[in-house]
Amino acid sequence: MSVVLHTDPMTMQFGGVTAVSNLQLDVEEGKIVALIGPNGAGKTTAFNMITGVYKPTKGNVFFTDASGKEINITAQKPSTIAKLGIARTFQNIRLFKDLTVYENVIIAKHLHLKSDFMSATLHLPWYNKEEAQAEAEVEELLKSVNLWNMREEKASALPYGQQRRLEIIRALATHPRLLLLDEPAAGMNPNETDDLTAFIKEIRDKYKLTVFMIEHHMDLVMEISDKIYVLDFGETIAKGTAEEVQNNQRVITAYLGEDEDA
Amino acid sequence: MLTKKRKLFLSIVAIIFLFAVANFIQVEMDSYIRRIVNLCLIYAIIGLSMNITNGFVGQFALGQAGFMAIGAYAVGIFTVPVAMRPSVFYATPMNPAIINIYMPLGVALIFGGLVAALVAFVIGTPVLRLRGDYLAIATLGFSEIIRIVITNASSITNGALGIKNIPPLNDVRIIFLVTVITFVFITLLINSSYGRAFKAIREDEIAAEAMGINLFFHKNLAFMISAFFAGIGGGLYGALLGTVDPKNFLFTLTYNFLLIIVLGGMGSITGSMLGAIIVTGGLEYLRVFDEPLEILGLAIPLFRPGFRMVMFSVLLMLCVLFWRKGIMGTEEFTWEKFVYFCHHPLAYFKKGVQAK
Amino acid sequence: MDFFQAFANMTAASFAQHMVNGISLGSLYAMIAIGYTMVYGILLMINFAHGDIVMMACYFAFFGITLFHMPWFVSFIFTIVATALLGALIERTAYRPLRDAPKNSVLISAIGASFLLENLANYLFSGRPMRFPNIPVLAQNVSIGSVQIQVISFVIPILTIICLFILLHIVNHTKVGMAMRAVSKDYEIARVMGINIDNVISMTFIIGSALAAVGGFMWGIKYPGITPMLGVMPGLKCFVAAVIGGIGNIKGAVLGGFILGLGEILIVAFFPQLSGYRDAFAFIVLIIILYYKPTGLLGETTTEKV
Chain A
1451 MSVVLHTDPM
1461 TMQFGGVTAV
1471 SNLQLDVEEG
1481 KIVALIGPNG
1491 AGKTTAFNMI
1501 TGVYKPTKGN
1511 VFFTDASGKE
1521 INITAQKPST
1531 IAKLGIARTF
1541 QNIRLFKDLT
1551 VYENVIIAKH
1561 LHLKSDFMSA
1571 TLHLPWYNKE
1581 EAQAEAEVEE
1591 LLKSVNLWNM
1601 REEKASALPY
1611 GQQRRLEIIR
1621 ALATHPRLLL
1631 LDEPAAGMNP
1641 NETDDLTAFI
1651 KEIRDKYKLT
1661 VFMIEHHMDL
1671 VMEISDKIYV
1681 LDFGETIAKG
1691 TAEEVQNNQR
1701 VITAYLGEDE
1711 DA
Chain B
5 MLTKKRKLFL
15 SIVAIIFLFA
25 VANFIQVEMD
35 SYIRRIVNLC
45 LIYAIIGLSM
55 NITNGFVGQF
65 ALGQAGFMAI
75 GAYAVGIFTV
85 PVAMRPSVFY
95 ATPMNPAIIN
105 IYMPLGVALI
115 FGGLVAALVA
125 FVIGTPVLRL
135 RGDYLAIATL
145 GFSEIIRIVI
155 TNASSITNGA
165 LGIKNIPPLN
175 DVRIIFLVTV
185 ITFVFITLLI
195 NSSYGRAFKA
205 IREDEIAAEA
215 MGINLFFHKN
225 LAFMISAFFA
235 GIGGGLYGAL
245 LGTVDPKNFL
255 FTLTYNFLLI
265 IVLGGMGSIT
275 GSMLGAIIVT
285 GGLEYLRVFD
295 EPLEILGLAI
305 PLFRPGFRMV
315 MFSVLLMLCV
325 LFWRKGIMGT
335 EEFTWEKFVY
345 FCHHPLAYFK
355 KGVQAK
Chain C
3 MDFFQAFANM
13 TAASFAQHMV
23 NGISLGSLYA
33 MIAIGYTMVY
43 GILLMINFAH
53 GDIVMMACYF
63 AFFGITLFHM
73 PWFVSFIFTI
83 VATALLGALI
93 ERTAYRPLRD
103 APKNSVLISA
113 IGASFLLENL
123 ANYLFSGRPM
133 RFPNIPVLAQ
143 NVSIGSVQIQ
153 VISFVIPILT
163 IICLFILLHI
173 VNHTKVGMAM
183 RAVSKDYEIA
193 RVMGINIDNV
203 ISMTFIIGSA
213 LAAVGGFMWG
223 IKYPGITPML
233 GVMPGLKCFV
243 AAVIGGIGNI
253 KGAVLGGFIL
263 GLGEILIVAF
273 FPQLSGYRDA
283 FAFIVLIIIL
293 YYKPTGLLGE
303 TTTEKV
């Protein structure tokens, strides 16, 4: 099984504060890997280091693309990293609020556009062809999550749960190899979380993704994760399968509490 | 339901109709009216250019006056007939490298636009990574630097004396056509994938970047296109006035266009057209305020030179304080709305133009 | 005249003269820059109207002396009070209503306020340059060696240093100052902690405008031609000065002011052929700073939470 994402021990320091220390990740192709830990443990910072938002104080991030080539993506621009095949969602949902549902998704197709701006503006034939393809794909994606009827609504008008879905769909539109989900189940009730769990498994299978997610909802995490990393104050205190992590004493003390119910 | 074909048909009909209006104005109306209409059209072009960066990409750039100046001076320098140049450049002789280069107006316009775009690229590279207010000051500063350079490079620009004897262009039909081309181009651009990328940057830069949109490239692209059209507008402005002078292009000129896009709605193309009409018309109408006014034989003390601009500034303030979205907000006045308006004219006055 | 000729022709006396001018100009820039940096530190906005407030201060001073026949030091006080009130008024009408609006709106409002002040001045006082009245006790010359220096050229830097010390004392050692620092660090938390944001912000504008008034009064004496547009260039340059020093940092604003003032004078002194470009100097420095050290010389880096 090949590794999609590999880091050597990464550290992130902001002035005097060490947000992440010696985080070493290996994410295998096709797996669902989770990153858990108390608030402030450094999880979103880790995501930001992977996606180029932050430059790690120490350490490198390596991404293996579809052809098997390993690329050092450390401190590259987020847009470059997205083009290589890593897409993400955000903890606080960053949809294009004033734009429609449809526009939100089709914008994610822009990175694949080969036509230059003059061809696009003049709507020359090769641009029209690319545009038609993009439109067809967006239609399929939106229909797969029942958002096609809402496509002309402003993204901010959607209910919370659908906004989260839209954000994931938008990320999918970039044809990623690795999908980073930052707290996808935040604010959801148990039913919605179940739906989301099934959804993540479904898209992983359908689009042949590798998923790396930050989550607090332990039912979701324990249900679908092939591997879990546990952070606390920036340090990795455990890594392994769901069972291994659940039984790890350090994890229990720091995070899960005495009650092992997930 | 209006299909794409029907809308295209309506648009073509509208353009032909408006061209006929322009023709009528050119042939029948006096030069004062023609001048106002021409100014309005030119202001529309520049307002649109400013809306690309400020309205669609959300970058608060205040450099339009500088880019206008580049376009205006391209026209000024290269369209004055070679024989007349020594009399214009009487204080400092014109630079021998360019003294014999003559360009017809059309070529000079495009040339001016391209030079403006090039300058925008040079400026944009360091400046576009700045946030909000910093970008505003930096572009303002560069607008002034351009003006200062023009004032000092006497052998090329005739410095503070300005350039006279520019062959005038005041044919409403021609300026109308340039405006139509600008309007159509920008509409097509905004409706394309690149236009959507611009809007994404405006909505959320970080998310846009995460979706693969190269911020530097797109911001720069928008900035260059904006400068190009500002240059064209400036060139037309120079041709309309027949003279160019560095003092015409103080950065306060940019405030006119700021009002146009705020009033019309930042992020609305049709809004900018409306804004241009209202601002240009308003500025003319407000001239009344500069003249002494008598009611029943009593002179009203307020009305004297300078009052017009005070009213204009108050208007800008009121607009931004109480009517931030402007007339159109980020919506466009589409054919759908026009048809709806024809069927239910009163509904608009109840719900406002932004209703569907 | 090129650099080598200028250098050769420079005597100790003329160099001293240039230094004095540079320090005076730098002090004036410093006073005005402080107003920008304080407002930006708290509200994260550029008060575009600040330069025009300096201009209004000049006019207040002018009319105080010529129209109301005040003795110059009374006019000085009057100018400070009137300008401070003007600054507070602008904050109240143009900025406070937009405090929760998107950032661009406040920016446009500031531009609008600036534009309004300029047009208002043009309308009320006409665009004709007015000559700031001569104040003999300040304008008279003092001889140091072979150099003639106006008294005002000593007064300006001294006054600037005094104002700076008073300001730093207020900011660092009084409750009001602590409130201002708290608000500039975290607006929302300060509000939750019971600090009256509106008062703190008004106070910031009052102090900034008062300093602008001092600067404006001195400016009028040093550069007697007053026009409605006189605040435009200095306004832009002083914001640049604040950025150079590190926006939000008062000492930085003063440092930036001196760098720009001295730099401008000395460049023109040593490179006379560039004197037409003297206004461009500030912007070129701005671009360089923004490129290499965007937080300014004394500024601190902040990171945005994603």
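Residue numbers (my numbering), protein chains in the order written: chain A, 1451 to 1712; chain B, 5 to 360; chain C, 3 to 308.
All residues carry an ideal CB built from backbone N, CA and C; glycine is no exception.
- Under the three-state reduction of DSSP, C:T13 is assigned to coil, being neither helix nor strand.
- In this structure the segment 81-91 of chain B does not lie against the segment 182-189 of chain B, because fewer than three pairs of beta carbons, one per stretch, are closer than 8 Å.
- Taking one beta carbon from each stretch, the segment 202-215 of chain C and the segment 87-104 of chain C have 3 or more pairs nearer than 8 Å; the two touch.
- In the assembly as shown, B:E340 is an exposed residue. Its beta-carbon has fewer than 16 other beta-carbons within 10 Å.
- For C:Q152, the enclosing beta strand (DSSP E) covers residues 149-152.
- Excluding five sequence positions before and after C:N124, the CB atoms of its chain that fall closer than 6 Å to its own CB belong to P230, given in chain order.
- Look at the beta carbons and you see the segment 111-125 of chain C touching the segment 312-324 of chain B: at least three pairs across the two are nearer than 8 Å.
- Contact residues of the segment 168-182 of chain C toward chain B are absent (C-beta to C-beta distance below 8 Å).
- With a 10 Å radius around the Cβ and a threshold of 16 neighbouring Cβ atoms, A:H1573 comes out exposed.
- For a Cβ distance threshold of 9 Å, residue set E207, D208 of chain B lies close to A:K1547, ordered along the chain.
- The three-state secondary structure of A:F1649, taken from DSSP, is helix.
- Counted as a single uninterrupted DSSP element, the beta strand (DSSP E) harbouring A:I1521 occupies residues 1520-1522.
- In this structure, C:V41 places its C-beta atom within 7 Å of the C-beta atom of C:G210.
- A:D1632 is bridged by DSSP to A:I1664.
- Three or more beta-carbon pairs drawn from the segment 245-260 of chain B and the segment 144-151 of chain B are found closer than 8 Å, and the two stretches are therefore classed as touching.
- Across the segment 135-154 of chain B, CB contacts with chain C closer than 8 Å involve G136, D137, Y138, A140, I141, A142, L144, G145, F146, E148, I149, I152, V153, in sequence order along the chain.
- Under DSSP, A:R1538 takes part in a beta bridge, and its partners are A:L1630.
- By the neighbour-count criterion, in which 16 or more other beta carbons inside 10 Å mark a residue as buried, C:W221 falls on the buried side.
- In the displayed model, B:L319 falls within a helix according to three-state DSSP.
- Measuring C-alpha to C-alpha distances from A:G1690 to each of A:L1475, A:M1462, A:G1466 identifies A:L1475 as the nearest.
- The criterion of a C-beta distance shorter than 7 Å is satisfied by B:G268 and B:G330.
- If you look at A:D1682, you'll find it in the beta strand (DSSP E) that goes 1677-1682.
- A:E1642 is the residue among A:V1551, A:E1642, A:T1686, A:L1681 whose C-alpha sits nearest the C-alpha of A:D1669.
- Among the residues of chain C, none has a CB under 8 Å from the CB of B:V61; the nearest is roughly 12 Å distant.
- Scanning the segment 182-253 of chain B from its first residue to its last, the whole alpha helix (DSSP H) runs of 4-plus residues come out as 197-207, 209-214, 219-245.
- When the beta-carbon positions are compared, B:G246 and B:P172 come within less than 7 Å of each other.
- For A:Q1463, the enclosing beta strand (DSSP E) starts and ends at 1460-1464.
- The DSSP-derived three-state label of C:I261 is helix.
- Annotation: the continuous beta strand (DSSP E) that includes A:T1514 extends over 1511-1514.
- The closest CA to that of A:Y1679, considering only A:E1617, A:S1517, A:Q1526, A:N1472, is found on A:N1472.
- Excluding residues up to 5 positions away in sequence, I67, I137 lie with their Cβ nearer than 7 Å to the Cβ of C:W74 in the same chain.
- For C:P236, there are no neighbours in chain B by C-beta distance under 7 Å, as the nearest C-beta there is about 13 Å away.
- Straight through space, the alpha carbons of B:S272 and B:G59 are spaced by roughly 7 Å.
- In the three-state reduction of the DSSP assignment, B:M107 falls in the coil class, being assigned neither a helical nor a strand state.
- Around the beta carbon of B:P349, a 10 Å sphere encloses fewer than 16 other beta carbons of the protein chains shown; the residue is thus reported as exposed.
- Per the coordinates, the alpha-carbon of A:E1685 lies some 12 Å from the alpha-carbon of A:A1704.
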